[in-house]
Amino acid sequence: MKINKKLMAMMMTLAIGGALVGCSSTPEQPVTPPEVVAPEVTPEVTPEEVPGEGQEEQSALAADVTKITEGIELPGSMPMTEDMLKDTYGIDTSLLKDYYVSMPMMMVHATEIAIFELNDEADVDAVMAGIEKRQQGLAEQWKTYLPDQYELVQNYKTAIKGNKVLFVVSESAEQIVENFNAMN
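Rendered as structure tokens:
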């Protein structure tokens, strides 16, 4: 019986020792990050702007948008390019003296504010048809995506003042139209 007790004690010691050795790990070696060489940045050369190529009017219409939206909280926006204008509104730019369209930066907002300055007030119907095309495109885009944004698109506002046409999709559309009509 004594041998069995000694054998049993030895087996237990080996089992516990094996478990301790099996559960231990080797010390972690410190990881040294590889050396990264920063790429050399060459400043981009841009052509000089030629004065009188619509920049004054562009900034004037952008200033108009800033003025009519003053004090109104709007999502981040960016100006629409001429190519996008042709694709989304379908307006012949030769009818326009100038335009400025502020569209959302992120596609979780439908907010859009556009001012079109016409060469001839007689072309209002063509611009309004382009606005209707854009509104229908926005409605199609938002009707199955975000219901609150779809409702904004459905409740769009327009205004005509002299040779300027305003299109607004915003929670504050009525206030923006009032501000537009009150502008000098």
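Numbering (mature numbering (1 follows the signal peptide of the UniProt record, and there is no 0)), first residue to last: -21 to -1, 1 to 163. We treat Cβ as the ideally placed atom computed from N, Cα and C, and that holds for glycine.
Collapsed DSSP secondary structure at proline 30 in the structure displayed: Unreliable positioning characterises proline 30 in this predicted model, as indicated by a pLDDT of 36, which lies under 50. The coordinate reading is nonetheless provided below. Looking at proline 30 - three-state DSSP - the assignment turns out to be coil, as it is neither helix nor strand.
Three CB pairs or more closer than 8 Å across the segment 87 to 102 and the segment 138 to 154: yes
Buried or exposed by the 16-neighbour rule on C-beta atoms within 10 Å, applied to tyrosine 124: exposed
C-beta atoms of phenylalanine 159 and aspartate 77 nearer than 9 Å: no
Sub-9 Å separation of valine 106 and lysine 136 beta-carbons: no
Close-in-space but distant-in-sequence residues of the same chain around methionine 57 (CB under 6 Å, 5 per side omitted): Met84
N-terminal and C-terminal residue of the beta strand (DSSP E) that alanine 93 is part of: 91 to 97
Buried/exposed call for leucine 97, threshold 16 Cβ in 10 Å: buried
DSSP bridge partner residues for threonine 137 (one or two, in chain order): Phe146
Test item: CB-CB of alanine 152 and glutamine 133 under 9 Å: no
Beta-carbon spacing of methionine 162, lysine 46 below 9 Å: yes
Closest residue to valine 103 among Gly141, Ala(-7) and Gly(-5) (Cα-Cα distance): Gly141
Through-space distance from isoleucine 139 to serine 73, alpha-carbon basis: 19 Å
Same chain, Cβ closer than 7 Å to glutamine 128, five either side skipped, listed in chain order: His88, Ala89 and Trp121
Inter-residue spacing [alpha-carbon to alpha-carbon] between glycine 116 and threonine 67: 8 Å
Alpha carbon of glycine 50 to alpha carbon of alanine 108, nearest angstrom: 30 Å
Coarse secondary structure for aspartate 77, derived from DSSP in three states: strand
C-alpha distance - lysine 143 paired with leucine 75, whole-angstrom precision: 10 Å
Three-state secondary structure assigned by DSSP to methionine 107: helix
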